[in-house]
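Count along the sequence shown from 1, then add 35; that gives the number in the numbering used here.
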Amino acid sequence: MSTFPLRPPDDSAMRFSLLLSLLSLSVFVTAHSMHQRRIPTLEEIAREEIRARERVVMARDCEQEIGEHLAMRMRKRDGTQKRHPDATGVLYNTVRASSPHYTTIQNTTCLTTPEVVEGPYYVNNEMVRQDVRESQTGVTLVMDFGVMDTSTCTPINNAFVEIWHANATGSYGGYSTSSFNSSETFLRGGWYTDSNGIVELTTVYPGYYTGRTPHVHVMVRTNWTESANGTLVSHSGSLVHIGQTFFNESWNDEVFATSPYTEDTNNRTLNSQDTLISSAFKSGYNAYASLQYFNGNDLSGGLVGYITLGVDTRSTKMITNTNYNGVVGSVSNNGSSNGSSNGTTNGTSNAESQRRGWENTLYLSLLMLAFFGYKAQSV
């Protein structure tokens, strides 16, 4: 269990961090111009800069608060809570809430979890469920997410934690490099935290694809809404975090030596080679999930782990993808768009998509110029 040192506010670092964020956003919009995306306004960018400064100031040690939780920490090993998720199928594809394996949030500091890009594979309005595996094979991964409010260093009850990630051979549900099925929902979904700010989600260990190391995308919402059909209303409530969770390379090596991960034909990208992983480790935050064997000393029983997500409930984020179940476009795992035979994607012509891409790039360039002008006046 690690304690991460807090860093004092650094105005130059904050400026550089915001510049990198703007540059990353510009590149991201250009690279994925085949999808319509909402561009933030100048007011929203300015407001987020203020929030970013406040988060640096308020990030503080919560050792006393978390220590009280740790004093009560225990692994629950009774039949219902410690049964392997595959034992009887009770925990498979069900909406019944299963108890977390950790009864307290596992961290000794209250750092705001860094934001990492949403990426091109998000799908709006996925299912409200704890087990997202469906028929996907691989090493079972039971993840306990702890959610803390960094402004108060207290757990957040009823926060919706949503995840999505690639399967054992590097494909996302709803997207494929060779075929497309808009009804695919595997390895997508989420559930809400309990009174201790913890939620348990059952999935499989994520695979890799060219350019990206294994990772799990995570979104956190408060005041969320569920539809009558059991799906999340993605644009309901407040989206307070968009990030990615990673895994230590030693676990990656062990998992990827087993089937079906050995069937992945993509070139493997290591943690040290991933271009986005550094964004998840800012300000001393540890974005690696802490894992251990579920039962025994090998992967046969699966893995169980935890990670703490520190969120600023006053700062809201935006979903950029306009993909929904049943109408999502096909995107390959190298980030390029697979247009349909008639030259359209999501009902938009390639020429129109290209025009929007240039408009987005120009708009973001103007935003950056305005930002530097604002900075020059404030010096």
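Glycine is no exception: its CB is placed at the ideal position from the N, C-alpha and C atoms.
Report yes or no: do three or more beta-carbon pairs, one from the stretch 297 to 305 and one from the stretch 261 to 277, lie closer than 8 Å? no
Looking at the structure shown, is Y359 part of a helix, part of a strand, or coil, going by DSSP? The residue given as residue 359 occupies position 324 in the sequence shown. Looking at Y359 - three-state DSSP - the assignment turns out to be strand.
Rounded to whole angstroms, what's the CA-CA distance from Y157 to P190? Just pull it up for me. On the sequence shown, position 122 is the one that residue 157 refers to. On the sequence shown, position 155 is the one that residue 190 refers to. Going from the Cα of Y157 to the Cα of P190 covers about 26 Å.
Proximity to N160 [Cα-Cα], best of S186, W226 and N193: Position 125 of the sequence shown, counting from 1, holds the residue named residue 160. Answer by Cα proximity: W226.
Looking at C-alpha atoms only, which residue of S318, I354, H200 and G336 is the closest neighbour of L326? As a first step, residue 326 must be located in the sequence shown, where it is residue number 291. The shortest Cα separation from L326 among S318, I354, H200 and G336 belongs to G336.
Can you tell which of E197, L338 and G154 has the C-alpha that lies nearest to the C-alpha of T228? Mapped onto the sequence shown, residue 228 falls at position 193. Taking only the C-alpha atoms, the option nearest T228 is E197.
S325, enclosing alpha helix (DSSP H) - first and last residue: The residue labelled residue 325 in the question sits at position 290 within the sequence shown. Unbroken run through S325 is the beta strand (DSSP E), S325 to Y328; no alpha helix (DSSP H).
Helix or strand or just coil, what does DSSP make of L344? Here residue 344 refers to the residue found at position 309 when the sequence shown is read from its first residue. If DSSP states are grouped into helix, strand and coil, L344 belongs with the strands.
Cα separation between S269 and W259? If you number the sequence shown from 1, residue 269 lands on position 234. If you number the sequence shown from 1, residue 259 lands on position 224. Approximately 8 Å between the Cα atoms of the pair.
Are the CB atoms of T220 and G208 nearer to each other than 7 Å? Here residue 220 corresponds to residue number 185 of the sequence shown, with the count starting at 1. Here residue 208 corresponds to residue number 173 of the sequence shown, with the count starting at 1. Yes, Cβ-Cβ distance for T220 and G208 is below 7 Å.
Using a Cβ distance threshold of 8 Å, determine whether the stretch 182 to 189 contacts the stretch 277 to 290, with at least three qualifying pairs required. Judged by Cβ distances under 8 Å, the stretch 182 to 189 makes no contact with the stretch 277 to 290, as fewer than three pairs qualify.
Suppose you measure from the CA of R21 to the CA of T237; what does that come to, to the nearest Å? Because the chain here runs from 36 to 414, residue 21 falls outside it and cannot be looked at.
Environment of T248 [buried if 16+ CB atoms lie within 10 Å]: Mapped onto the sequence shown, residue 248 falls at position 213. The residue in question, T248, is buried, as its Cβ has 16 or more Cβ neighbours within 10 Å.
What first and last residue would you give for the beta strand (DSSP E) that runs through D333? In the sequence shown, counting from the first residue as 1, residue 333 sits at position 298. First-last for D333: undefined, no H or E at that position.
Anyone know if the C-beta pair for G242 and A292 falls short of 7 Å? Position 207 of the sequence shown, counted from the first residue, corresponds to residue 242. Position 257 of the sequence shown, counted from the first residue, corresponds to residue 292. It is not a contact, given that the beta carbons lie outside the stated cut-off.
For the beta strand (DSSP E) holding W259, just list the boundary residues, first then last. For the purposes of this step, residue 259 is taken as the residue at position 224 of the sequence shown. Unbroken run through W259: none, as it is neither H nor E.
Under 7 Å, do A194 and V152 count as touching if we go by C-beta distance? Taking the first residue of the sequence shown as position 1, residue 194 is located at position 159. Taking the first residue of the sequence shown as position 1, residue 152 is located at position 117. Going by C-beta atoms, A194 is not nearer than 7 Å to V152.
Compute the Euclidean distance between the alpha carbons of T266 and V163, then round it to the nearest angstrom. In the sequence shown, the residue the question calls residue 266 occupies position 231. In the sequence shown, the residue the question calls residue 163 occupies position 128. Their backbone Cα atoms lie some 5 Å apart in a straight line.
To the nearest angstrom, how far is it from the Cα of R303 to the Cα of D288? Taking the first residue of the sequence shown as position 1, residue 303 is located at position 268. Taking the first residue of the sequence shown as position 1, residue 288 is located at position 253. Using only the alpha carbons, I get a separation of about 11 Å.
Straight-line Cα distance separating N358 from E150: Numbered from its first residue, the sequence shown carries residue 150 at position 115. Numbered from its first residue, the sequence shown carries residue 358 at position 323. Distance between the alpha carbons of E150 and N358 is about 21 Å.
Beta-carbon proximity check, G232 vs G181, cutoff 7 Å: If you number the sequence shown from 1, residue 232 lands on position 197. If you number the sequence shown from 1, residue 181 lands on position 146. The answer is yes: Cβ separation under 7 Å.
Buried or exposed: which applies to D166, given that a residue is buried once 16 or more other Cβ atoms fall within 10 Å of its Cβ? Position 131 of the sequence shown, counted from the start, is the residue given in the question as residue 166. Answer is buried; the Cβ neighbour count reaches 16.
Tell me H250's beta-bridge partners as DSSP assigns them. Residue mapping note: residue 250 aligns to position 215 of the sequence shown, counting from 1. DSSP, once it has assigned bridges, lists F281 as partnering H250.
How long is the line joining the alpha carbons of M178 and K352, rounded to whole angstroms? Here the question's residue 178 lines up with position 143 in the sequence shown. Here the question's residue 352 lines up with position 317 in the sequence shown. Taking the straight line from one Cα to the other gives about 24 Å.
Please classify D299: does DSSP put it in a helix, a strand, or coil? Numbered from its first residue, the sequence shown carries residue 299 at position 264. Of the three classes helix, strand and coil, the one that applies to D299 here is coil, per DSSP.
Would you mind working out which of M183, T147 and G154 sits nearest T355, comparing C-alpha positions? What you label residue 355 is simply residue 320 of the sequence shown in a count that begins at 1. In terms of Cα proximity to T355, the closest of M183, T147 and G154 is G154.
Could you tell me whether the Cβ atoms of H200 and L176 are closer together than 7 Å? Here residue 200 corresponds to residue number 165 of the sequence shown, with the count starting at 1. Here residue 176 corresponds to residue number 141 of the sequence shown, with the count starting at 1. In this structure, H200 keeps its C-beta atom at 7 Å or more from the C-beta atom of L176.
Classify D333 as buried or exposed, calling it buried when 16 or more other Cβ atoms lie within 10 Å of its own Cβ. For the purposes of this step, residue 333 is taken as residue 298 along the sequence shown, with counting starting at 1. So D333 counts as exposed.
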